[in-house]
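Asks: Mind the numbering: the sequence shown is residues 31 to 228 in my numbering, read in order.
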Amino acid sequence: QLFNTPFKNGKTYASCFKNGGKGIRQYYPYYDPKTKQVKTLEQEINECRVKNGEKPLKWKKGALAQISAYMAYTSRGKPLSVKVPNDPDALAWYERGKHHYYAKRGQLNMACADCHMYNSGNRIRANLLSPSLGHPTGFPVYRAKWGNLGTLHRRFGGCNKQVRAKPFKAQSDEYKALEYFLTYMSNGLPVNAPSYRE
31 QLFNTPFKNG
41 KTYASCFKNG
51 GKGIRQYYPY
61 YDPKTKQVKT
71 LEQEINECRV
81 KNGEKPLKWK
91 KGALAQISAY
101 MAYTSRGKPL
111 SVKVPNDPDA
121 LAWYERGKHH
131 YYAKRGQLNM
141 ACADCHMYNS
151 GNRIRANLLS
161 PSLGHPTGFP
171 VYRAKWGNLG
181 TLHRRFGGCN
191 KQVRAKPFKA
201 QSDEYKALEY
211 FLTYMSNGLP
221 VNAPSYRE
């Protein structure tokens with residue numbers, strides 16, 4: 031319903047995306063050579079709103095997560111297909127995300143890889159640590175702990191807090207680069223969003 035609700039100018043989200051916004055989640059995030067930026071689906075949803083005279087939505091949950099979840103649902107079963115073009119700027123984004131993934135941070139001096147690569151399948155307290163491979167396929171997720179849908183960047187911030195590191199802002203270059211790296215590494219796995227996590 032949110033996706034199809036017209037803006038004040040009469041247009042809808044479908045006017046901003048290829049194929050009317052359906053069946054396209056598997057191509058996000060992508061490198062945009064015009065702006066030399068990585069673009070996420072949530073970012074382009076808010077850019078669509080602004081372009082049509084509406085205020086941007088909050089990044090981590092609520093309507094933005096719901097619209098993103100609907101768009102992802104229309105891509106269910108389609109394999110992730112994120113490209114890193116033969117472009118030094120695109121490669122720099124990928125490498126930045128890779129660096130973030132392996133860099134230690136916070137008072138616990140932990141990297142993403144410590145939980146989601148080296149210890150995946152083990153338990154921390156009562157929770158099973160999941161492997162990074164495939165993480166982006168299920169976002170946005172309904173998380174029992176949250177009681178609602180949340181975006182991948184919301185989860186990145188939560189992970190940073192759990193290792194007692196200061197989280198970056200949702201849609202920061204740091205998190206966009208991390209999403210680009212993780213999604214590229216999960217290429218070929220089917221979109222399965224929205225999904226459920228504890």
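Here a beta-carbon is modelled for each residue, glycine too, at the ideal position from N, C-alpha and C.
Which residue from 192, 226, 181, 214 puts its Cα closest to that of residue 73?
Replies: Sequence index remark: in the sequence shown, residue 73 carries index 43 (1-based). Among 192, 226, 181, 214, the Cα nearest to that of residue 73 is on 181.
Asks: Distance, Cα to Cα, residue 37 vs residue 76?
Replies: Here residue 37 refers to the residue found at position 7 when the sequence shown is read from its first residue. Here residue 76 refers to the residue found at position 46 when the sequence shown is read from its first residue. If I take the Cα positions, the gap works out to 12 Å.
Asks: Exposed or buried, what is residue 151 when buried is set at 16 or more other beta-carbons lying within 10 Å of its beta-carbon?
Replies: Here residue 151 refers to the residue found at position 121 of the sequence shown. With fewer than 16 other Cβ atoms within 10 Å, it is exposed.
Asks: On a Cα-Cα basis, can you pick out the residue from 128, 57, 135 that is closest to residue 102?
Replies: Position 72 of the sequence shown, counting from 1, holds the residue named residue 102. That would be 57, whose Cα lies nearest to the Cα of residue 102.
Asks: One question on the structure: do residue 109 and residue 224 come within less than 8 Å of each other, judged by their Cβ atoms?
Replies: To locate residue 109, count along the sequence shown from 1; it is residue 79. To locate residue 224, count along the sequence shown from 1; it is residue 194. No, the Cβ-Cβ distance between residue 109 and residue 224 is not below 8 Å.
Asks: By Cβ distance, which residues of its chain are closer than 8 Å to residue 146, with the 5 residues on each side in sequence left out?
Replies: Your numbering for residue 146 matches position 116 in the sequence shown. Excluding positions up to five away in sequence, the list reads 159, 160, 161, 162, 165.
Asks: Determine the extent of the alpha helix (DSSP H) in which residue 76 is found, giving its start and end residues.
Replies: Here the question's residue 76 lines up with position 46 in the sequence shown. Run containing residue 76: 71–81, per the alpha helix (DSSP H) assignment.
Asks: On a Cα-Cα basis, can you pick out the residue from 185, 47, 79 that is closest to residue 227?
Replies: As a first step, residue 227 must be located in the sequence shown, where it is residue number 197. Residue 227 has its Cα closest to that of 185, out of 185, 47, 79.
Asks: With residue 69 and residue 60 assumed to form a contact (beta carbons below 8 Å), what rounded beta-carbon distance in angstroms separates them?
Replies: Indexing the sequence shown from 1 puts residue 69 at position 39. Indexing the sequence shown from 1 puts residue 60 at position 30. At roughly 6 Å, the Cβ-Cβ gap stays under 8 Å, so residue 69 and residue 60 are in contact.
Asks: Restricting to Cα atoms, I'd like to know which of 149, 48, 192, 118 is closest to residue 105.
Replies: In the sequence shown, residue 105 corresponds to position 75, counting from 1. Selected option, being the one with the closest Cα: 48.
Asks: Ends of the alpha helix (DSSP H) at residue 127?
Replies: Walking along the sequence shown from the start, residue 127 turns up at place 97. Taken as a continuous stretch (DSSP letters only), the alpha helix (DSSP H) holding residue 127 covers 118–132.
Asks: Looking at the strands, I want to know which residues DSSP matches up with residue 59.
Replies: To locate residue 59, count along the sequence shown from 1; it is residue 29. Bridge partners of residue 59: none, in fact.
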